[in-house]
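For what it's worth, the numbering used here labels the leading residue of the sequence shown as 119, then goes sequentially.
To keep things clear, I will list the structure first and then write my remarks on it.
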Amino acid sequence: MLKHILLILIIALYLPVAVDAEVVERIVAVVNDKVITMSDLKEEMAIRGQFGVSADRTEALNYLIEREIVSAEAGRLGLTITMDDVTKEIVRFEETFPSKSEFNLFLESYELSIQDLSRRFASSIAADKVREQKEGTSAGRYDKWLSEAKKKGDIKILNSE
Numbered sequence: 119m120l121k122h123i124l125l126i127l128i129i130a131l132y133l134p135v136a137v138d139a140e141v142v143e144r145i146v147a148v149v150n151d152k153v154i155t156m157s158d159l160k161e162e163m164a165i166r167g168q169f170g171v172s173a174d175r176t177e178a179l180n181y182l183i184e185r186e187i188v189s190a191e192a193g194r195l196g197l198t199i200t201m202d203d204v205t206k207e208i209v210r211f212e213e214t215f216p217s218k219s220e221f222n223l224f225l226e227s228y229e230l231s232i233q234d235l236s237r238r239f240a241s242s243i244a245a246d247k248v249r250e251q252k253e254g255t256s257a258g259r260y261d262k263w264l265s266e267a268k269k270k271g272d273i274k275i276l277n278s279e
């Protein structure tokens with residue numbers, strides 16, 4: 119009996135800690151078991167904005183969903199992305215900033231490393247390669263394929279607000 123009371127007291131002591139837990143990250147979508155977080159969405163919006171592309175939340179989320187679908191297809195097709203391709207994209211992105219220090223400040227403010235940025239750009243390059251391969255000689259094949267892939271995929275969009 120004393121063991122049960124002690125166990126209840128211990129649980130009661132830790133319960134307020136669990137209730138006061140802070141949400142550190144929020145999931146905004148899941149695409150075929152790949153998680154897209156609020157941080158991913160904010161980073162994508164910031165990168166798009168830096169490139170002068172629409173930073174609309176819905177468009178950015180749709181892009182991230184597309185990127186997950188396309189990355190899986192790139193792997194299935196055996197497409198390779200070279201480090202040289204990725205480096206060129208990073209340099210091109212860095213050149214959108216007035217100085218190296220502002221580029222570094224951007225990375226710091228979004229807690230991005232060069233490796234994180236490399237992965238993001240590698241996914242974008244993979245998407246371009248899949249698009250090229252799907253389009254072939256017939257315009258619109260990629261969009262048709264993507265539409266079908268989205269229907270077949272397991273996509274869950276959670277609250278992205």
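C-beta atoms are modelled at their ideal positions from N, C-alpha and C, and glycine is treated no differently.
DSSP places Thr155 in the strand class (E or B) of the three-state scheme.
For Ile145, the pairing in a beta bridge is given by DSSP as Thr155.
In the displayed model, Ile208 falls within a helix according to three-state DSSP.
Each of Phe215, Ser256, Val188, Lys218 was checked against the Cα of Ala267, and the nearest Cα belongs to Val188. Within the model, the alpha-carbon separation for Glu191 versus Gly254 is close to 16 Å. When C-beta atoms of the stretch 269–276 are compared with those of the stretch 145–162, three or more pairs fall below 8 Å, so the two segments count as touching. The beta-carbon distance between Ala178 and Arg166, rounded to whole angstroms, is 6 Å. This is short enough to meet the 8 Å contact definition. Rounded to whole angstroms, Glu220 and Asp151 show a C-alpha spacing of 35 Å.
Counting only runs of 3+ residues, no beta strand (DSSP E) is found wholly inside the stretch 159–215.
The continuous alpha helix (DSSP H) containing Ser242 extends over residues 232–253. Per DSSP, Asp261 is one residue of the alpha helix (DSSP H) stretching across 259–270. Within 10 angstroms of the beta-carbon of Asp158 lie 16 or more other beta-carbons, which makes it buried. With a cutoff of 8 Å on beta-carbon distance, Arg175 and Met156 are scored as not near each other.
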